[in-house]
Structures are given as structure tokens and as C-alpha cells.
Amino acid sequence: MNEQPNKLSGTSMDITADNRARLKALFPACFTETRNEKGELVESIDFERIKAELGTFSDVFESRRERYGMDWPGKKDALRLIQTPSYATLKPCREESVNFDTTENLFIEGDNLEVLKLLQKSYYGKVKMIYIDPPYNTGKEFIYPDNYTESLETYLEYAGLIDGEGKKFSTNTANEGRFHTKWLNMMYPRLYLARNLLRDDGVIFISIGSEELSNLIAIMNDIFGEECNKNIIVIRRGIKSVQVQFESVDSFNRGHEYLLFYSKRSDFRFEKCFVPYDKNDEDQEDTLEGSWNNHWRGTNRPTMRYELFGIKPTTGQWRWGEERSRKAISNWETLCKILGESPKQSEIDTFVKQKENMENIKFDLLRLSNTGKPEHYIRPGEGKLASDIWIDIKPNGGSQLKKIMGEKLFDTPKSIDLISRLLEYFCNSDDLILDFFAGSATTAHAVLDLNKQDKGNRKFILVQLPEPCAEDSEAFKAGYKTIADIGKERIRRVIKKIKEEQKGKLDLDESVKQDLGFKVFKLDKSNFRQWQQLDPSTPPEKIQEELFKHINHIDPKASPEDLLYEILLKAGFTPTEKIETKTIAGKRVFYIADGALLLCLEEEVTKELINEVAELGPMQFICLDSAFHGNDQLKANAVQTFAARNMQKEKHNQTVFMTV
50 MNEQPNKLSG TSMDITADNR ARLKALFPAC FTETRNEKGE LVESIDFERI
100 KAELGTFSDV FESRRERYGM DWPGKKDALR LIQTPSYATL KPCREESVNF
150 DTTENLFIEG DNLEVLKLLQ KSYYGKVKMI YIDPPYNTGK EFIYPDNYTE
200 SLETYLEYAG LIDGEGKKFS TNTANEGRFH TKWLNMMYPR LYLARNLLRD
250 DGVIFISIGS EELSNLIAIM NDIFGEECNK NIIVIRRGIK SVQVQFESVD
300 SFNRGHEYLL FYSKRSDFRF EKCFVPYDKN DEDQEDTLEG SWNNHWRGTN
350 RPTMRYELFG IKPTTGQWRW GEERSRKAIS NWETLCKILG ESPKQSEIDT
400 FVKQKENMEN IKFDLLRLSN TGKPEHYIRP GEGKLASDIW IDIKPNGGSQ
450 LKKIMGEKLF DTPKSIDLIS RLLEYFCNSD DLILDFFAGS ATTAHAVLDL
500 NKQDKGNRKF ILVQLPEPCA EDSEAFKAGY KTIADIGKER IRRVIKKIKE
550 EQKGKLDLDE SVKQDLGFKV FKLDKSNFRQ WQQLDPSTPP EKIQEELFKH
600 INHIDPKASP EDLLYEILLK AGFTPTEKIE TKTIAGKRVF YIADGALLLC
650 LEEEVTKELI NEVAELGPMQ FICLDSAFHG NDQLKANAVQ TFAARNMQKE
700 KHNQTVFMTV
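If you're matching positions, the sequence shown starts at 50 in our numbering and goes up one per residue.
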């Protein structure tokens, strides 16, 4: 029996190992054991067997080396970067947060590549929607980590967290020969890691200009698959008048940009979506008819679940209150008595219009569809079926930001209306939304606003590099040192505004409490010293020096809270889990996720503590390795105690005992 506990990995999720495990689950017979040059048994993959099982084995193409797909100088390095684990951590920053202990919203300050790696264990397959507005690569420079092999060190020096010489985030300008290559190398690993975080029914939207549209489509097809490309949506943008000063121009001003829409799975489908009808659009005024829309929606309010047509939903809610819905059913029955059981849409529209004009009322209709689902009537002019042209959304992000911040801090922030539409179309009331190019935090603003409107509980994760504001910018003059500072302050002001609006209002639905807070975390080096692989030629005195450093491998500056949140991430728990503290056998223990994880950071563990924790039976118990003070017998007894307890329990109730 192994008498040593497992050691908690100090790195982010191993993407390569995870991919191999997934492949093995699909094709177990394609994994074999062979002996390497040293005679050791190692696992290998029989790729020819995989081809055969997929039905693609053919001698005809064996010698062909050409492949259709996106390629560029540096792609192999980008793939290696994905597979390189992160040794970083996220350090909590209470003083910059709002309602730190209760909120499930996150704002993470740091290089989004490292952050996405750190989120893999905790948020794998949990995000419903990703929206990003990455750099457009217009030639005006975008910031990226120049040294990909040392991205964490590069970031720490860039952010001023450690001293260094020369390692700064670099920029990309149009006069560089590798202009497009650098942009692709920056985007590819981030999009690859982002896909892992999406749920199976998840979606991603990416704002982009024409400069990199074709390249972005190519790498998205490479990562997600061409069959997951749902739409390329046209978005209106502000038109600058700078060309007025010239006698001639080489092209028209660009009045639009694009929103790429991809799904995690190719079979993803979504409900019909409607956009407001434009009364000034004369071409559609005469031909537009009324329509019908699904009466069920995903926002999850128990008070809005009642029986209609013998149907009572167990999740989600009906769109109207019960009284309004029942009146609308009665109205439909009245209409059918007059017009017949199967009236034409034009007859319905005329009847409703006349009824409302004569009686000055709103005449709602609710019926059972041909597929057996309740659906309500949409009047002509209330809305039309959404297409891939969204030029009805004004490019008003700048004025919206100025309204909440009091200053014009960004030239082209995205409109809250754009993000709100995406949330309404694709997210239920308790979904998780990620934006890892957060900018001025428009996504967080939209989430909080929509939650206020429909009593939802959507959560957000925002990631933003602490990119310095230019000293001649309005933002810097207003006192903001970095773009991340602007984003955090915007969220604080939105929360404050919502709280002020809610003062004195009676909330009849006490079952729903809006999350008006966010936790701030900052990317930093690990609190635990990581063993550095030494060259075989390393002198003995250098090896001895490194060994002595690891006698106490915990950063003495690290607080218990710093250690707590790093262990949470590395153990696969989210940093928003419910955390309590309890005293067990006289020791302070963190009681996490209702007891799924018990974590003891005391400097000494005892036999009594081990016995009581084993009786509680958490999924995981983690303590400091140094807390055993070299007592190998106590450590071995602890391992045996958990092993004996696990033998008496079902597999899903067993405890994993680990040290760090």
C-alpha cells in the first residue's frame, strides 16, 4: 500500500493529458503498451487503428502530404504554448472588490492567456456564452506577450510585480513583416483554451473588423470546426469624418464591422429571435404580418411556473403572469368562435387591430401550437425575425460609458445594447458569461442591467490586462492608470446606481436576490515554490542550494487567503465557492462547497484531526505537507485511515487525501 498522500499539482490543467484521456475514452482499443529504448513500458497511440475505426483508412492518400487548413509561421509554437501548463496563481484583492464573500462574479486582472489556463480545472465546460472584442490589428499597435516561453515572467515584469530588464510586452505594427502572424499567434491559443470552457450548448461571439476577418474565420474553423460557424453578423459602427479633409480617397469609410457566431457543437439550435420593428422601414410596413413566439423562456422564476394547457414547467418560466396568460387564452377562444378554428394570420392581425382600436385595450392571444407548445401572439410592428444584419443597434457605447463614468474614457467601447441582445437570445437567467478582453467592462454592465430588469442571476467572469493608459489620454487625466482600473470602477458605479434605484422599492419576489458584487483577483506567481528542472551538468553546490530552497516551499509573504484561493483553483474548485471556517479537533479548517473540500492550513496536523475528517468524508482533504513535521509514521497512518474509510464507502463517496 502507498504510504504517501497524493501531492496537489502546482500547475494548471494538463491539456495534453486531458485530450489523451478523452481520446482513450472514445477509442480504448487504439491505446497500446510498448517498450521504449530503456525497456520501460509506455503507452502509445495506434493512429492507423483510429483511422480504421473511423472508416477513413485508405492506401490511396497515404503518401499525400497536402492538407486543407489554416497554417502560418509560428502555429506549432502556439500549439506548444497551449500544452504548457501555468505555474501562476490568482491572488484575491478584497479592497478593490464589492461583496467579496458572497458574490459569484469575477474580475481578473492579468494576461488572459495565463488566466484561461488557470480557469481550465474550475470552469471546464461551465460557461454558456463567451463574448470578446479583441484587438482589431489595425496597425495602431496591440499588446501581446513577446516571449511566449516565459509568458508569466513577461507579464509580471510588464505589470511591475517583479523587477527585470528588457522583458516587456511588445506591440505589433503594420510595418512589421510578421504583422498578421503575430496577431494569429496571440489569438489562437486563447481561442483554443476558451472553447474548453464552453458548455456543450455554449456559444461564442467575437467582434472583429475587416482587417483580420478572414484569418479569424480560418482559425475559428480550425478550432471549432467549420460546421459550428452559425453566422457572420453585420454590426453598425461609428463613421469617422477624417477623410473630409482630402480631395480624393482610396476607399469608402467603413460603416460596419462583424460579429462572428460559433457554437460549441455543430447540432446547436436556438429559439426564434426577434428584433424591434423599424417603423421608418417603408418596404416592410405593408407586408409585415403578426407572428407567434414560444411562451416559455429560460429565465428561472418559480413564481412564474403554473399550469397552462395541462403543462407546468419544472424549469424556466412562462413569459407572462398567470392572470395575463389566462386572459390571453380566453381571448383566443373568443377570436376562434368568430373567425373559425383555423383563422389566417392576416385575419388574426385585422381582428386584433380592430379590437384594440375600438376598445382601447391590449388584446393578448395565447394558444397551443401545432407541436403542443404554448405560444403567444406578436403584433405586426412589435418585432420581426432577426437576421444577420444588426444595424439597428446604435454604436453608442461611448455615450453609455460617459454617462456612467462622467468622462469620455474610450473611443470605441461596445454598446450595452449589443451584449444585452446576445444575453437575451442565448442565456438563461442563471448562466455564466465570460469576456477575456474585457476593456471597459461593457459585458459586466450588460449582465447587471439585464439581471435588474428580469430578476435574473447571470454571472460574469471578466479578464483584462492592466494595460497602462497613455499619459495624454482622457482616462489618465481622470486618474485611471490602467484599462483594468477603468473596468473595475465602471462595475462599482453600475452596482451603486442599481442599489440607489432599488432604494425604497418593494420586491414582491423575495426568492430572487440580485448579485450586486464582484471579486477582484490579480494574476501573480505561485505562492508555492516550484521545482525547476536542472541541467545534468548543474554543479553539486547549485543542486544543494535548490534543495534547501524547497525545505520550506511556501512564500513567507503569502497570506492564508492567498494559499486558500490558489489551492481552490489547483484542486478544481471555483474561487466563488461557498467558504466557511470550522474548528475540527481544535484546528481551523476551511469548509468549502458544503463540505466537498476540507482544507487545513494549520502548521501542525494531528491524529485526532485526521480521524474526525475521515468520519466527515469530504470529496477531498488537503493539508500542508510541512504540517507533519517529518513524522512519516503519522503521515502513513493518515493515508491508511482514509484508505480504510474509503473501503467501506461507495466509489463516489470516497475521500482523496492530498498534501501541498
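Where is the CB? At the ideal position from N, CA and C, for every residue including glycine.
Are the beta-carbon atoms belonging to residue i and residue j less than 8 Å from one another?
i	j	result
Ile-13	Tyr-185	Given a span of 50 to 709 for the chain in the structure shown, any question on residue 13 remains unanswerable.
Ser-171	Gly-347	no
Asp-67	Pro-134	no
Pro-141	Glu-610	yes
Glu-626	Ala-642	yes
Gly-370	Ser-315	no
Val-569	Glu-306	no
Met-668	Ala-645	yes
Lys-177	Asp-564	no
Leu-511	Phe-156	yes
Leu-472	Ile-547	no
Thr-138	Glu-615	yes
Phe-509	Val-147	no
Pro-515	Glu-158	yes
Pro-429	Gly-339	yes
Note down the Cα distance separating residue i from residue j, rounded to an integer number of angstroms.
i	j	result
Asn-278	Phe-310	6 Å
Arg-542	Ser-448	15 Å
His-229	Pro-588	44 Å
Ile-535	Leu-483	18 Å
Ser-61	Ile-659	28 Å
Asp-503	Thr-399	32 Å
Gly-287	Ala-377	42 Å
Glu-538	Leu-499	19 Å
Tyr-241	Ser-200	17 Å
Val-662	Lys-619	21 Å
Val-324	Gln-697	59 Å
Leu-165	Ala-243	7 Å
Met-353	Phe-295	60 Å
Ile-545	Gly-666	Reading off the sequence, residue 545 comes out as Lys, not Ile. Taking the straight line joining both Cα atoms gives about 42 Å.
Arg-143	Glu-629	17 Å
Val-638	Asp-674	15 Å
Gln-707	Lys-56	Residue identity check: residue 707 is Met in the sequence provided, not Gln. When rounded, the distance between both Cα atoms is 5 Å.
His-494	Gly-488	12 Å
Lys-631	Leu-205	35 Å
Ile-281	Lys-313	16 Å
Ile-453	Asp-160	26 Å
The beta strand (DSSP E) that contains residue i, what's its start and end?
i	result
Pro-423	423 to 427
Ser-256	247 to 257
Pro-609	That residue, Pro-609, is in no beta strand (DSSP E); its alpha helix (DSSP H) goes 609 to 619.
Gln-703	Segment: none, Gln-703 is in no beta strand (DSSP E) and carries neither H nor E.
Gln-513	508 to 513
Phe-486	Here Phe-486 belongs to no beta strand (DSSP E), and DSSP marks it neither H nor E.
Tyr-311	305 to 312
Gln-669	669 to 672
Asn-278	278 to 285
Tyr-640	636 to 641
Phe-711	Summary: the structure shown does not reach residue 711, with the chain confined to residues 50 through 709, and so no result is reported for it.
Which residue marks the beginning of the alpha helix (DSSP H) containing residue i, and which one marks its end?
i	result
Val-688	681 to 696
Met-407	394 to 408
Val-207	Note that residue 207 corresponds to Tyr in the displayed sequence, not to Val. Note, Tyr-207: alpha helix (DSSP H), 200 to 207.
Ala-137	Unbroken run through Ala-137 is the beta strand (DSSP E), 137 to 141; no alpha helix (DSSP H).
Trp-381	371 to 388
Ile-131	124 to 132
Gln-449	446 to 454
Ser-166	One point to set straight first is that residue 166 is Lys, not Ser, in the sequence displayed. Start and end: 161 to 172.
Ser-340	Here Ser-340 belongs to no alpha helix (DSSP H); instead the beta strand (DSSP E) covers 340 to 343.
Val-543	532 to 551
Counting only the same chain and skipping the five closest in sequence on each side, list residues whose C-beta sits under 6 Å from that of residue i.
i	result
Lys-43	This structure does not reach residue 43, given that the chain is present from 50 up to 709, and the question cannot be answered.
Val-654	Cys-672 and Ala-676
Gln-703	Asn-695
Using a Cβ-Cβ cutoff of less than 7 Å, which residues in the same chain neighbour residue i once the five nearest sequence positions on both sides are dropped?
i	result
Pro-238	Ala-127, Leu-130, Ile-131 and Leu-162
Pro-517	Lys-530 and Thr-531
Leu-210	Asp-573
Ser-58	Lys-619
If you drop the 5 nearest sequence neighbours on each side, which residues of the same chain put their C-beta closer than 8 Å to that of residue i?
i	result
Asp-335	In this prediction, Asp-335 has a pLDDT of 48, which is less than 50 and means its spatial position is unreliable; what the coordinates show is noted afterwards. For Asp-335, where only same-chain residues beyond five positions count, there are no Cβ hits under 8 Å.
Glu-523	Glu-456, Lys-457 and Leu-458
Ile-427	Phe-323, Gly-339, Ser-340, Trp-341 and Asn-342
(message) Using 8 Å as the cut-off, can you tell me whether the region 258 to 267 makes contact with the region 435 to 448, which would need three or more C-beta pairs spanning the two stretches below that distance?
(response) No contact exists between the region 258 to 267 and the region 435 to 448.
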